[in-house]
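My numbering puts the first residue of the sequence shown at 195, with every later residue one more than the last. Don't be surprised by glycine CBs; every beta carbon is placed ideally from N, CA and C. Fair warning: this is a prediction, and the values are worked out from it, not measured in the lab. Only one structure is covered here, and it is reproduced in the block below.
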Amino acid sequence: MGISLDQWDQRIGPRLDEIRWHADAILRAVNAMHLQPDFEAWAEGQLVLTKDALTYSLRQVSRALDAYREKPHDTGAGP
């Protein structure tokens, strides 16, 4: 049998927070580097796009989980 929704949420939540932390850490590291201006702008832009895409995806997953939780589900237990 698969993992329950609550178990998945408990396991994935901390990982998603860790991903966000690492994305921020990478962005801070790039900002601190002494790079050629054209590469620095490109790298920072790529990191911002990646962070934004990740944040958007995580919001979508969160909304899907919320919608799933709100729907009644047949547990097979009967009335």
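Along the chain, where does the alpha helix (DSSP H) that runs through residue i open and close?
{"i": "L241", "result": "231-264"}
Quick one: does residue i have its CB under 7 Å from some CB of chain C?
{"i": "K245", "result": "Of the protein chains in this structure there is only one, and it is not chain C."}
What does the alpha-carbon distance come out to for the pair residue i and residue j?
{"i": "F233", "j": "Q240", "result": "10 Å"}
{"i": "A226", "j": "H216", "result": "15 Å"}
{"i": "A219", "j": "Q201", "result": "28 Å"}
{"i": "Y275", "j": "V224", "result": "Given that the chain is displayed from residue 195 to residue 273, the structure contains no residue 275 and the question cannot be resolved."}
{"i": "Y250", "j": "D211", "result": "14 Å"}
Between the Cα of residue i and those of the options, spot the shortest distance and give me the residue it belongs to.
{"i": "D203", "options": "P266, D260, V242", "result": "D260"}
{"i": "V242", "options": "R205, R214, L210, I206", "result": "R214"}
{"i": "R209", "options": "R257, W236, L252", "result": "L252"}
Please check the pair residue i and residue j, which I expect to be a contact at CB under 8 Å, by giving their CB distance rounded to whole angstroms.
{"i": "K245", "j": "L221", "result": "7 Å"}
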